[in-house]
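Colleague: Take this structure first; my questions come after.
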Amino acid sequence: MYQFKYDKHNKYHRAVQQTAIVIVSLVIFVEAWWVLSILANTPAVPTPGETWDALVNLVNNGDTVTDISLWSYIGASLGTFLKGFLLALLVAVPLGLILGTFNTLNEFATPIIEILRPIAPIAWAPILILAINYTIGPILVVFIGIFFPLLTNVVFGVSKIDSSLLDAAKTLGASRAQIFVKVMVPSTVPYIMNGVKVGLGIGWMCIVAAELYAPTLAGIGYFLSEQATLGYWPGAFAAIIVIAVLGLLTTGVAEYVHKFIAKRMGMDV
Amino acid sequence: MTAEETENKSLDELQIEQLEHSDPHRTEQYKSISKGEKLVSIQNLSMVYKTDESETVAIQDFNLDVMKGELVSIIGPSGCGKTTILRAIAGLLKPTGGRIMIGNKECIGSGPDRSMVFQDFALFPWRSVRKNVEFGLEIAGVPKEERKERAMRYLKAVGLENFANSRVHELSGGMKQRVGIARAMITKPDVILMDEPFGSLDAQTRNIMQASLVNMLAKTDTTVIFVTHSVDEAVYLSDRIVVLTKRPAHIKEIVKVPWLRPRDRSSPECTAMRKEILGELEKENVMN
Ligand SMILES: Nc1ncnc2c1ncn2[C@@H]1O[C@H](COP(=O)(O)OP(=O)(O)O)[C@@H](O)[C@H]1O
Ligand SMILES: [Mg+2]
Chain A
0 MYQFKYDKHN KYHRAVQQTA IVIVSLVIFV EAWWVLSILA NTPAVPTPGE TWDALVNLVN
60 NGDTVTDISL WSYIGASLGT FLKGFLLALL VAVPLGLILG TFNTLNEFAT PIIEILRPIA
120 PIAWAPILIL AINYTIGPIL VVFIGIFFPL LTNVVFGVSK IDSSLLDAAK TLGASRAQIF
180 VKVMVPSTVP YIMNGVKVGL GIGWMCIVAA ELYAPTLAGI GYFLSEQATL GYWPGAFAAI
240 IVIAVLGLLT TGVAEYVHKF IAKRMGMDV
Chain B
0 MTAEETENKS LDELQIEQLE HSDPHRTEQY KSISKGEKLV SIQNLSMVYK TDESETVAIQ
60 DFNLDVMKGE LVSIIGPSGC GKTTILRAIA GLLKPTGGRI MIGNKECIGS GPDRSMVFQD
120 FALFPWRSVR KNVEFGLEIA GVPKEERKER AMRYLKAVGL ENFANSRVHE LSGGMKQRVG
180 IARAMITKPD VILMDEPFGS LDAQTRNIMQ ASLVNMLAKT DTTVIFVTHS VDEAVYLSDR
240 IVVLTKRPAH IKEIVKVPWL RPRDRSSPEC TAMRKEILGE LEKENVMN
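Residue numbers (numbering that gives the first Met the number 0), protein chains in the order written: chain A, 0 to 268; chain B, 0 to 287.
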């Protein structure tokens, strides 16, 4: 009789084992949810089955209240997210490189940064959204969420630049500007990517929270709050699942890009 | 044979030629050294490192002249100030006293007329091997095609033409330093400064590297200042060996090595010279 023997040095065996563990973990999660929803015995905690039906309905028919499709909700959220992310990248990366290079400037900026950084980005949401407007407000909330982890990583990256690379560039005749472009920027790219990775996770949390405040902005967060307000709990849970999947995809892509770039740049991850 | 043709030879061909001992260019070069055309002049160099707690006098009133085309090695106890001297010449450190002249021009700041080879290689990990070698040309604004062509010639000279597109982390230590040397030579600097360039390599690789350095230098009139802690290396490579005292470094002795390269490490003359220099260094370590 054929006897299967697990070999931990065989990557296929490992992959099958890991997949099996993930499946078992998800099944137990869903079972536990099911048990809890029955025990709780309230419409506010729908069963996984009810949620699944709502999710299928959402994918097929969109929001039946407003007649907006799921895809345009997702598109709106991703659009806001992308704008906030690009803005953060455009501001935090050059600023981080400058602060990392000029010590005095960094000492000057640190108190300001340290006052602002611990404030939860979501705390800005009511102010920015109600005081500015429903379009720019959420973008700025996402911007704040991504900005600080990105900035800290870039400044740290500059402090980690191998000084002998700077020396090598100098002895080959590089000017300050050339050193900046040809040594400092590429040296910090892996750190920038790490900041992006952390920032994307936080940014995604921010977008959904910000949309809760924005009644006219048709994002997935808006859909969630609409369903909850109307008491359509399975629909609200379906929205949460969509948010989770999109969050997972965003960080997954960021993780992959980070690894890829770090490898390209010859750095260890 | 033109310089161009020599440069296009593979390492193997060059090694064979080296064994034949008959390159007229090299003999010519040796004559010009003994004629003595001064290139680098270190005058009353002093360097004091200040920190909050202490002041370290690394170099005090140090003087040394290096001739054009000469390979001078600097050897001395660890911490005596060898790296400091080299970094001052490279313009990476501003001396607290004295000055350094190249020809009749004072060196202030770094420049492509003095390039450096580092013990830790200091290669750019995000660039390919060829792009590392090209760096100095890129800085100087040499057009892309010419850069590529010149880089390939230098890679060929160090035996790495098949690794042009490799990434730095794929190379062994010895190969990395070949890239470092090619990168330093490609801009045709007046002086190449080498700070224990083979210090992190194993003994066998080190010997091979020394032989190929001799090869490469034979084709140019490049001047080299070579810091090492290996007496064997100094005797094998140098025209003159500068033996330093403990910190702050003074010149204890300058030993002339009058033999043509390539040399036989195990010859009686070399052995005797090694013994003499080791004795001097020993005294330096025993004293107080
Ligand atoms: N940046 C620095 N700050 C303070 N002291 C230093 C610095 N660099 C070197 N030194 C000191 O100067 C002395 C000479 O250093 P170095 O030139 O590196 O010696 P070597 O290369 O001969 O080993 C040592 O005592 C070292 O501790
Ligand atoms: Mg040293």
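Cβ coordinates follow ideal geometry from the N, Cα and C atoms, glycine included.
Write down every uninterrupted run of the beta strand (DSSP E) in the segment 153 to 226 of chain B whose length is 3 residues or greater and which is fully enclosed by it, in chain order.
Modeller: 190 to 194
Colleague: Nearest by alpha-carbon distance to A:Met-264: which of B:Val-167, B:Thr-221 and B:Leu-200 is it?
Modeller: Here residue 264 of chain A refers to the residue found at position 265 of the first sequence. Looking at the Cα atoms, B:Val-167 is the closest of the given residues.
Colleague: Under 6 Å: does the beta carbon of B:Thr-227 sit that close to some heavy atom of ligand 4?
Modeller: Among the ligands present in this structure, namely ligand 1 and ligand 2, ligand 4 is not found.
Colleague: Any heavy atom of ligand 1 closer than 6 Å to the beta-carbon of B:Lys-93?
Modeller: Mapped onto the second sequence, residue 93 of chain B falls at position 94. Incorrect: B:Lys-93 has no Cβ contact closer than 6 Å to ligand 1.
Colleague: Counting pairs of Cβ atoms below 8 Å between the segment 188 to 205 of chain A and the segment 202 to 215 of chain B, do you hit three or more?
Modeller: Short answer: they don't touch.
Colleague: Name the chain B residues whose beta carbon is nearer than 7 Å to that of A:Ala-176?
Modeller: Here residue 176 of chain A refers to the residue found at position 177 of the first sequence. Near A:Ala-176 there are no residues of chain B at all, since even the closest Cβ is about 11 Å away, more than 7 Å.
Colleague: Taking the straight line between their C-alpha atoms, what separation do you get for B:Arg-262 and B:Ala-87?
Modeller: The sequence position of residue 262 of chain B within the second sequence is 263, counting from 1. The sequence position of residue 87 of chain B within the second sequence is 88, counting from 1. Cα-Cα distance, rounded: 31 Å.
Colleague: Should B:Gly-135 be flagged as near chain A, meaning a C-beta pair shorter than 7 Å?
Modeller: As a first step, residue 135 of chain B is located in the second sequence; it is residue number 136 there, counting from the start. Yes - at least one Cβ of chain A is within 7 Å of the one on B:Gly-135.
Colleague: Determine which residues share a DSSP beta bridge with B:Gly-96 and list them.
Modeller: In the second sequence, the residue the question calls residue 96 of chain B occupies position 97. B:Gly-96 pairs with B:Ser-45.
Colleague: Can you round the beta-carbon distance between A:Val-141 and A:Gly-83 to whole angstroms, since I take them to be within the 8 Å contact cut?
Modeller: In the first sequence, the residue the question calls residue 141 of chain A occupies position 142. In the first sequence, the residue the question calls residue 83 of chain A occupies position 84. At roughly 3 Å, the Cβ-Cβ gap stays under 8 Å, so A:Val-141 and A:Gly-83 are in contact.
Colleague: On the DSSP bridge assignment, give the partners of B:Arg-239 in chain order.
Modeller: The residue you call residue 239 of chain B lines up with position 240 of the second sequence. Note: B:Arg-239 sits in a beta bridge opposite B:Val-71 and B:Lys-255.
Colleague: Listing by chain order, which chain A residues have their CB less than 9 Å from the CB of B:Asp-119?
Modeller: As a first step, residue 119 of chain B must be located in the second sequence, where it is residue number 120. Asp-161 and Ser-163, listed in chain order.
Colleague: Straight-line CA distance for B:Ile-253 to A:Ile-260?
Modeller: As a first step, residue 253 of chain B must be located in the second sequence, where it is residue number 254. As a first step, residue 260 of chain A must be located in the first sequence, where it is residue number 261. Approximately 51 Å between the Cα atoms of the pair.
Colleague: Between the Cα of A:Ile-73 and the Cα atoms of A:Ile-239, A:Val-153 and A:Arg-13, which residue gives the shortest distance?
Modeller: Position 74 of the first sequence, counted from the first residue, corresponds to residue 73 of chain A. Residue A:Ile-239 is the option with its Cα nearest to A:Ile-73.
Colleague: If we ignore side chains and look at the alpha-carbon of each, how far apart do B:Ser-265 and B:Thr-95 end up?
Modeller: Within the second sequence, the letter at position 266 stands for residue 265 of chain B. Within the second sequence, the letter at position 96 stands for residue 95 of chain B. One C-alpha to the other measures close to 42 Å.
Colleague: Could you name the residues whose beta carbon sits closer than 5 Å to any heavy atom belonging to ligand 1, keeping them in chain order?
Modeller: Neighbourhood of ligand 1, defined by CB distance below 5 Å to any of its heavy atoms: B:Tyr-48, B:Thr-55, B:Ala-57, B:Ser-77, B:Gly-78, B:Cys-79, B:Gly-80, B:Lys-81, B:Thr-82 and B:Thr-83, in chain order.
Colleague: Report buried or exposed for A:Ala-213, applying the criterion of at least 16 other Cβ atoms within 10 angstroms of its Cβ.
Modeller: Position 214 of the first sequence, counted from the first residue, corresponds to residue 213 of chain A. Label assigned to A:Ala-213: buried.
Colleague: Check whether the Cβ of A:Pro-185 lies closer than 7 Å to any Cβ atom in chain B.
Modeller: To locate residue 185 of chain A, count along the first sequence from 1; it is residue 186. Output row for A:Pro-185: interface = yes.
Colleague: I'd like the list of long-range same chain contacts for A:Lys-7, defined as Cβ closer than 8 Å, with 5 residues on each side in sequence excluded.
Modeller: Taking the first sequence and counting its residues from 1, the one referred to as residue 7 of chain A is at position 8. Correct list, in chain order: Arg-13.
Colleague: What residue from B:Gly-97, B:Cys-79 and B:Ala-156 has the CA that sits closest to B:Val-213's CA?
Modeller: Position 214 of the second sequence, counted from the start, is the residue given in the question as residue 213 of chain B. Scanning B:Gly-97, B:Cys-79 and B:Ala-156 for the CA closest to the CA of B:Val-213 turns up B:Ala-156.
Colleague: Identify, in the order they occur along the chain, each residue of the same chain with its Cβ nearer than 8 Å to the Cβ of A:Ser-162, setting aside the five sequence neighbours on each side.
Modeller: On the first sequence, residue 162 of chain A is found 163 positions in, with the first residue counted as 1. No residues qualify anywhere along the chain.
Colleague: Given that B:Leu-63 touches chain A, what residues does it touch there, using C-beta distances under 9 Å?
Modeller: If you number the second sequence from 1, residue 63 of chain B lands on position 64. By Cβ distance, chain A contributes nothing, its closest Cβ being about 19 Å from B:Leu-63, past 9 Å.
Colleague: Report yes or no: is there a C-beta of chain A within less than 7 Å of the C-beta of B:Ile-138?
Modeller: On the second sequence, residue 138 of chain B is found 139 positions in, with the first residue counted as 1. Contacts with chain A at 7 Å (Cβ-Cβ) include B:Ile-138.
Colleague: Exposed or buried, what is B:Lys-260 when buried is set at 16 or more other beta-carbons lying within 10 Å of its beta-carbon?
Modeller: Residue numbering aside, residue 260 of chain B sits at position 261 when the second sequence is read from its first letter. Position check: residue 260 of chain B holds Arg in this sequence, whereas Lys was assumed. Counting Cβ neighbours within 10 Å, B:Arg-260 comes out buried, since at least 16 surround it.
Colleague: Is there a Cβ from chain B that is less than 7 Å from the Cβ of A:Ala-173?
Modeller: Position 174 of the first sequence, counting from 1, holds the residue named residue 173 of chain A. It does; some Cβ of chain B falls within 7 Å.
Colleague: Whose C-alpha, out of B:Glu-232, B:Thr-55 and B:His-249, is nearest the C-alpha of B:Met-272?
Modeller: In the second sequence, counting from the first residue as 1, residue 272 of chain B sits at position 273. Residue B:Glu-232 is the option with its Cα nearest to B:Met-272.
Colleague: Flag this pair as touching only if the segment 193 to 209 of chain A and the segment 128 to 148 of chain A have three or more C-beta atom pairs under 8 Å; answer yes or no.
Modeller: Yes, the segment 193 to 209 of chain A is in contact with the segment 128 to 148 of chain A.
Colleague: Whole angstroms is fine: what's the gap from A:Gly-194's alpha carbon to B:Ile-191's?
Modeller: Taking the first sequence and counting its residues from 1, one reaches residue 194 of chain A at position 195. Taking the second sequence and counting its residues from 1, one reaches residue 191 of chain B at position 192. Near 40 Å, if we compare the C-alpha coordinates of B:Ile-191 and A:Gly-194.
Colleague: For B:Glu-336, which residues of its own chain have a beta-carbon under 6 Å away from its beta-carbon, when the five flanking residues on both sides are left out?
Modeller: The structure shown does not extend to residue 336 of chain B, since chain B is modelled only from 0 to 287, so the question has no answer here.
Colleague: A:Ile-121 to A:Phe-155, Cα distance in whole Å?
Modeller: Along the first sequence, one-based indexing puts residue 121 of chain A at 122. Along the first sequence, one-based indexing puts residue 155 of chain A at 156. Cα to Cα, the separation comes out at about 25 Å.
Colleague: Are the beta-carbon atoms of B:Ile-101 and B:Asp-189 separated by less than 7 Å?
Modeller: Counted from its first residue, the second sequence places residue 101 of chain B at position 102. Counted from its first residue, the second sequence places residue 189 of chain B at position 190. The answer is yes: Cβ separation under 7 Å.
Colleague: Does any C-beta atom of chain B lie closer than 7 Å to the C-beta of A:Val-268?
Modeller: In the first sequence, residue 268 of chain A corresponds to position 269, counting from 1. The pLDDT assigned to A:Val-268 is 45, lower than 50, so where the model puts this residue is not dependable, and the model offers no usable value.
Colleague: Three-state secondary structure (DSSP) at A:Ser-68?
Modeller: The residue you call residue 68 of chain A lines up with position 69 of the first sequence. Note: A:Ser-68 maps to coil in three-state DSSP.
Colleague: Could you name the residues of the segment 197 to 209 of chain B whose beta carbon sits closer than 9 Å to any beta carbon of chain A, in the order they occur along the chain?
Modeller: none
Colleague: Using 7 Å as the threshold, is the C-beta distance between A:Ala-227 and A:Ala-235 below it?
Modeller: Position 228 of the first sequence, counting from 1, holds the residue named residue 227 of chain A. Position 236 of the first sequence, counting from 1, holds the residue named residue 235 of chain A. In this structure, A:Ala-235 lies closer than 7 Å to A:Ala-227 by Cβ.
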